[in-house]
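Q: Residue numbers (my numbering), protein chains in the order written: chain A, 65 to 483; chain B, 65 to 483.
Note that beta-carbon positions come from the ideal geometry of N, C-alpha and C, so glycine has one too.
Model, not experiment: these values are computed from the prediction.
Sending over a structure as structure tokens; questions will come in a sec.
Right under this line is the structure:
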């Protein structure tokens with residue numbers, strides 16, 4: 065591309081929100097401004113909102129250094145997010161023409177999309193279309209997902225904060241479980257997000273330490289789940305201790321691929337990518353255990369908070385998210401397109417990591433699962449290798465900016481009406 | 065009582081655990097030691113464990129200043145708790161004889177019990193028996209309950225931290241709700257603890273501020289709940305916004321006293337005090353709303369974490385809990401018996417409060433509900449008076465002592481086996 069005046073940037077967020085995704089947004093914004101771009105647009109609700117012509121000028125929202133710091137500490141997706149799958153180019157060429165027309169009208173040089181697997185599919189398709197039509201716009205993906213299931217990157221921003229929240233909360237729940245004696249014993253089943261990958265559920269092992277045994281069992285979706293074996297395991301555990309805590313992925317399923325949650329669920333919700341929304345796994349297992357063993361049970365869903373609890377965010381995660389946002393912007397500025405930023409780990413302890421860019425075609429729609437040998441042979445716990453991997457990602461905190469006892473988030477007048 | 069050498073103290077914890085109950089334990093211990101008592105025993109699992117002869121010497125657990133600091137930051141009940149109701153004296157005089165025999169054998173001068181309504185019933189009965197039999201042992205209650213429903217005290221330790229956690233978490237959930245657009249709109253129903261009193265659910269209004277609207281409706285158990293009116297309210301709210309968040313107490317019930325949770329629940333658990341364990345209120349309401357309105361719904365139970373999340377504890381609460389523990393010990397040392405420490409608020413802003421002791425007969429088995437005029441006329445929100453009341457109680461934090469990214473709790477070798 066011939067040297068010419070830098071023009072504008074547009075950035076969007078897509079997929080499930082996290083506690084770190086806005087830190088990446090702050091990183092994109094800062095680097096775009098530092099590198100001399102004029103306007104940094106934010107598309108509202110990702111590519112779906114963009115198709116409806118909805119976007120903002122981020123300068124109206126990030127006016128001061130304090131605003132940027134608040135943005136880093138704001139959970140959810142500041143710009144709004146979407147779960148919108150672009151059609152294949154041959155299916156709807158008009159849609160691509162429309163997108164590029166708007167991009168050209170806005171004088172966009174760089175298009176940054178912060179998201180997970182499905183979002184990288186958007187980057188792939190747009191950059192493919194750009195190559196075919198000779199567009200000079202660069203499309204770069206910035207990884208984000210609490211699920212940590214993106215291919216080629218050591219881990220994804222958002223995961224560390226979710227893991228820290230899960231480790232902290234599970235430890236508190238375990239401690240709570242010690243307090244009350246129940247003659248029958250008590251089994252607490254904690255349901256953690258993760259449809260196919262057990263990264264989040266495995267992070268419940270972080271609660272283990274000199275002052276806590278950690279969960280008594282951890283069931284990941286990587287291993288087929290058998291209810292009878294599970295009940296026997298519960299029975300065995302109850303022989304040793306009166307309060308048992310077990311963590312399970314929402315996505316555990318039997319050998320036929322039937323989700324455990326489906327076995328006890330009445331309502332089903334399927335998103336645009338055809339993913340089933342899962343819930344009720346812990347509840348269903350508690351009902352079974354209570355019936356078969358007769359002990360007291362508690363079902364706890366960590367629910368939305370595992371992706372939204374910025375009050376318990378990891379410093380490593382928030383800073384890496386910022387860095388990765390900046391790296392995505394830098395890559396686009398330097399001419400990369402059809403790429404995603406990845407994190408490379410150089411060492412576990414001391415933790416060292418850097419970023420590089422990789423071809424998005426090798427990432428999109430692929431999933432990285434917990435390696436089989438990071439799970440114990442019997443499939444009911446993670447190994448030390450898993451813990452060595454996740455531990456650096458939860459270090460440190462980002463002190464919330466607290467006003468009147470409650471963490472403050474970024475909000476400008478009229479912001480909510482935009483979404 | 066004639067002046068004589070100070071001997072020993074015993075302290076117990078009872079009822080639902082909280083994030084602050086161990087800070088009170090630390091306060092009792094420190095004051096007992098400062099006032100020259102010899103051994104400070106801790107009964108394991110309250111009066112129930114004591115009846116089985118289970119107690120420890122707290123000096124084996126709190127050896128250093130750091131141990132005391134860790135104890136203040138440790139959620140749940142360090143000594144274990146119970147939900148054990150002493151029989152009336154006439155029903156089982158032998159049990160009382162047994163208790164006092166053991167107390168005398170241990171050379172106990174002061175008996176401190178940290179707990180809520182039901183626990184104060186224990187202090188009342190023991191001090192009554194002591195008076196009748198001419199015992200010189202002093203029985204003093206130290207208030208504790210996240211439910212904040214004890215009579216005569218401005219508030220109870222444990223409530224502030226739970227309220228801070230609820231305010232913070234509800235704000236994060238609200239923010240999360242803004243991120244995704246759903247064509248049908250989305251209603252999130254958050255279920256919060258509170259059987260009869262709405263103090264905890266009301267505290268969800270703390271999420272309201274310049275950067276957040278707070279929940280769109282708050283339903284407390286003080287007001288009879290009508291499902292049809294609720295559905296109409298949801299319908300109205302959805303006309304104004306696409307993401308609605310509503311908080312409900314687990315104890316909301318219809319005009320006949322039937323709990324909403326019972327309407328959709330299969331399993332029931334009743335504790336020793338005859339209280340129904342409630343759960344599933346949010347889930348049931350979501351099913352109804354989804355069916356009647358056709359919008360997307362999310363049911364979130366804050367569950368155990370609202371009483372265990374010491375990582376989000378309020379500094380005011382933790383320090384007051386410590387102070388109240390010390391005040392209970394001081395009162396017993398100075399000759400009070402059959403009393404409970406209460407907190408008196410002198411002013412809201414600047415917040416000033418002190419302690420005094422009150423007759424436990426006026427407290428036990430009584431419940432303090434949210435005053436009707438602290439709830440809006442239509443019964444779907446709390447008033448500013450409520451917020452002015454709760455705000456001082458959530459101020460400040462107690463920085464967790466973090467090891468390897470996770471808050472550390474107090475644990476001495478073999479501790480878990482004791483419980």
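Going along chain C, which residues have a C-beta under 9 Å from residue 177 of chain B?
A: Note that chain C does not occur in the displayed structure, where the protein chains are A and B.
Q: Just to confirm the assignment: which complete beta strand (DSSP E) runs, minimum length 3, are found wholly within the region 99 to 125 of chain B?
A: The region 99 to 125 of chain B contains these whole beta strand (DSSP E) runs: 104 to 107 and 119 to 121.
Q: Can you list, in chain order, the stretches of the beta strand (DSSP E) that have 3 or more residues and sit fully within the region 273 to 353 of chain A?
A: Listed in chain order, the complete beta strand (DSSP E) runs (minimum 3 residues) inside the region 273 to 353 of chain A are 281 to 283 and 307 to 313.
Q: Would you say residue 264 of chain B and residue 370 of chain B are within 8 Å of each other, going by their C-beta atoms?
A: Position 200 of the second chain holds residue 264 of chain B. Position 306 of the second chain holds residue 370 of chain B. In this structure, residue 370 of chain B lies closer than 8 Å to residue 264 of chain B by Cβ.
Q: So, does the CB of residue 468 of chain A fall closer than 8 Å to a CB anywhere in chain B?
A: Within the first chain, the letter at position 404 stands for residue 468 of chain A. Closer than 8 Å: yes.
Q: Leaving out five residues on either side along the sequence, give the residues of the same chain with a beta carbon under 8 Å from the beta carbon of residue 336 of chain A.
A: Working through the first chain from its first residue, we reach residue 336 of chain A at position 272. The predicted position of residue 336 of chain A is uncertain, since its pLDDT is 49 and thus under 50; a value taken from the coordinates is nonetheless stated next. Contacts found: 147, 148 and 149.
Q: Are the C-beta of residue 438 of chain A and some C-beta of chain B separated by less than 8 Å?
A: If you number the first chain from 1, residue 438 of chain A lands on position 374. Residue 438 of chain A does not count as touching chain B.
Q: Which parts of the region 410 to 444 of chain B are runs of the alpha helix (DSSP H), unbroken and 4 residues or longer, counting only runs that do not cross its ends?
A: Listed in chain order, there is nothing to give.
Q: Whole angstroms are fine: how far does the CA of residue 479 of chain A sit from the CA of residue 526 of chain B?
A: Nothing can be reported for residue 526 of chain B: it is not among the residues displayed for chain B, which extend from 65 to 483.
Q: Flag this pair as yes or no: are the beta carbons of residue 203 of chain B and residue 190 of chain B separated by less than 8 Å?
A: Stepping through the second chain from its first residue, residue 203 of chain B is reached at position 139. Stepping through the second chain from its first residue, residue 190 of chain B is reached at position 126. Result yes, Cβ atoms of residue 203 of chain B and residue 190 of chain B sit closer than 8 Å.
Q: For the region 265 to 279 of chain A against the region 379 to 398 of chain A, are there 3 or more C-beta pairs whose distance is under 8 Å?
A: The region 265 to 279 of chain A vs the region 379 to 398 of chain A: no contact.
Q: Residues of chain A with CB under 8 Å from residue 365 of chain B, in chain order?
A: Numbered from 1 along the second chain, position 301 holds the residue referred to as residue 365 of chain B. Near residue 365 of chain B (Cβ distances below 8 Å), the residues of chain A are 364, 365 and 367.
Q: Exposed or buried, what is residue 68 of chain A when buried is set at 16 or more other beta-carbons lying within 10 Å of its beta-carbon?
A: On the first chain, residue 68 of chain A is found 4 positions in, with the first residue counted as 1. Residue 68 of chain A is exposed by the Cβ-count criterion.
Q: Going by beta-carbon coordinates alone, are residue 209 of chain A and residue 231 of chain A separated by less than 8 Å?
A: Residue numbering aside, residue 209 of chain A sits at position 145 when the first chain is read from its first letter. Residue numbering aside, residue 231 of chain A sits at position 167 when the first chain is read from its first letter. No, Cβ-Cβ distance for residue 209 of chain A and residue 231 of chain A is not below 8 Å.
Q: Give the C-beta separation of residue 237 of chain B and residue 349 of chain B to the nearest angstrom, bearing in mind that I take them to be a contact with Cβ-Cβ under 8 Å.
A: To locate residue 237 of chain B, count along the second chain from 1; it is residue 173. To locate residue 349 of chain B, count along the second chain from 1; it is residue 285. Wrong, their Cβ atoms sit about 16 Å apart, outside the cutoff.
Q: Look up residue 76 of chain A in the DSSP assignment and say whether it is helix, strand or coil.
A: Translated into the one-based positions of the first chain, residue 76 of chain A becomes position 12. Correct three-state label for residue 76 of chain A: strand.
Q: What residues in the region 185 to 203 of chain A bring their beta carbon closer than 8 Å to a beta carbon of chain B?
A: Answer set for the region 185 to 203 of chain A: empty.
Q: Taking only the alpha-carbon atoms, compute the straight-line gap between residue 77 of chain B and residue 218 of chain B and give it to the nearest angstrom.
A: Sequence index remark: in the second chain, residue 77 of chain B carries index 13 (1-based). Sequence index remark: in the second chain, residue 218 of chain B carries index 154 (1-based). Cα-Cα distance, rounded: 21 Å.
Q: What are the residues of the region 221 to 242 of chain B that lie near chain A, defined by any Cβ-Cβ distance shorter than 7 Å?
A: Against chain A - using a Cβ distance shorter than 7 Å - the residues of the region 221 to 242 of chain B are 228, 231, 232, 233, 235, 236, 237, 239, 240 and 242.
Q: Between residue 375 of chain B and residue 471 of chain B, is the Cβ-Cβ spacing less than 8 Å?
A: Residue mapping note: residue 375 of chain B aligns to position 311 of the second chain, counting from 1. Residue mapping note: residue 471 of chain B aligns to position 407 of the second chain, counting from 1. Cβ atoms of residue 375 of chain B and residue 471 of chain B: closer than 8 Å.
Q: Within the chosen definition, does the region 400 to 412 of chain B reach the region 430 to 448 of chain B through at least 3 CB pairs nearer than 8 Å?
A: Cβ pair count under 8 Å is below three, so no.
Q: Please list, in chain order, the chain B residues whose beta carbon lies closer than 7 Å to that of residue 472 of chain A.
A: As a working mapping, residue 472 of chain A is identified with position 408 in the first chain. Within 7 Å Cβ-Cβ: 275.
Q: Is residue 414 of chain B buried or exposed, if buried means 16 or more other CB atoms sit within 10 Å of its CB?
A: Your numbering for residue 414 of chain B matches position 350 in the second chain. Answer is exposed; the Cβ neighbour count stays below 16.
Q: With 8 Å as the threshold, decide whether the Cβ of residue 245 of chain A is near any Cβ in chain B.
A: As a working note, residue 245 of chain A is residue 181 in the first chain. So, interface residue.
Q: Name, please, each residue of chain B whose Cβ falls closer than 9 Å to the Cβ of residue 109 of chain A.
A: The sequence position of residue 109 of chain A within the first chain is 45, counting from 1. Residues of chain B passing the Cβ test: 243, 244 and 245.
Q: Whole angstroms is fine: what's the gap from residue 331 of chain B's alpha carbon to residue 325 of chain B's?
A: The count along the second chain starts at 1 and reaches residue 331 of chain B at position 267. The count along the second chain starts at 1 and reaches residue 325 of chain B at position 261. A caution first: residue 331 of chain B carries a pLDDT of 43, below 50, which makes its placement in the model too unreliable to give a value.
Q: So residue 348 of chain A contacts chain B; which residues on that side make the cut at Cβ distance below 9 Å?
A: Here the question's residue 348 of chain A lines up with position 284 in the first chain. Those within 9 Å of residue 348 of chain A in chain B number zero; the least Cβ separation is about 11 Å.
Q: For residue 233 of chain B, which residues of its own chain have a beta-carbon under 7 Å away from its beta-carbon, when the five flanking residues on both sides are left out?
A: Here residue 233 of chain B corresponds to residue number 169 of the second chain, with the count starting at 1. Cβ within range, chain order: 366.
Q: Residue 483 of chain B: buried (16+ other C-beta within 10 angstroms of its C-beta) or exposed?
A: As a working note, residue 483 of chain B is residue 419 in the second chain. Classification for residue 483 of chain B: buried.
Q: Could you spell out the range, first to last residue, of the beta strand (DSSP E) harbouring residue 250 of chain B?
A: Taking the first residue of the second chain as 1, we reach residue 250 of chain B at position 186. Segment 250 to 256, the beta strand (DSSP E) holding residue 250 of chain B.
Q: Can you list, in chain order, the residues of its chain whose CB lies under 8 Å from that of residue 295 of chain A, leaving out five sequence neighbours each side?
A: As a first step, residue 295 of chain A is located in the first chain; it is residue number 231 there, counting from the start. Correct list, in chain order: 352, 353, 356 and 357.
Q: Which chain B residues sit within Cβ distance under 8 Å of residue 146 of chain A?
A: As a position in the first chain, residue 146 of chain A is number 82, starting the count at 1. Near residue 146 of chain A (Cβ distances below 8 Å), the residues of chain B are 244 and 245.
Q: Is the beta carbon of residue 389 of chain A sitting closer than 8 Å to the one on residue 73 of chain A?
A: Against the first chain, residue 389 of chain A aligns to sequence position 325. Against the first chain, residue 73 of chain A aligns to sequence position 9. No, they are not a contact pair.
Q: Quick one: list the residues of chain B neighbouring residue 455 of chain A, beta-carbon separation under 8 Å, in chain order.
A: Within the first chain, numbered from 1, the residue matching residue 455 of chain A stands at position 391. Simply 468 and 469.
Q: Taking Cβ to Cβ, would you say residue 382 of chain B is nearer than 8 Å to residue 134 of chain B?
A: In the second chain, the residue the question calls residue 382 of chain B occupies position 318. In the second chain, the residue the question calls residue 134 of chain B occupies position 70. Against a cut-off of 8 Å, the Cβ pair of residue 134 of chain B and residue 382 of chain B comes out as no contact.
Q: For the alpha helix (DSSP H) that contains residue 387 of chain A, what are its first and last residues?
A: As a first step, residue 387 of chain A is located in the first chain; it is residue number 323 there, counting from the start. Unbroken alpha helix (DSSP H) run through residue 387 of chain A: 379 to 397.
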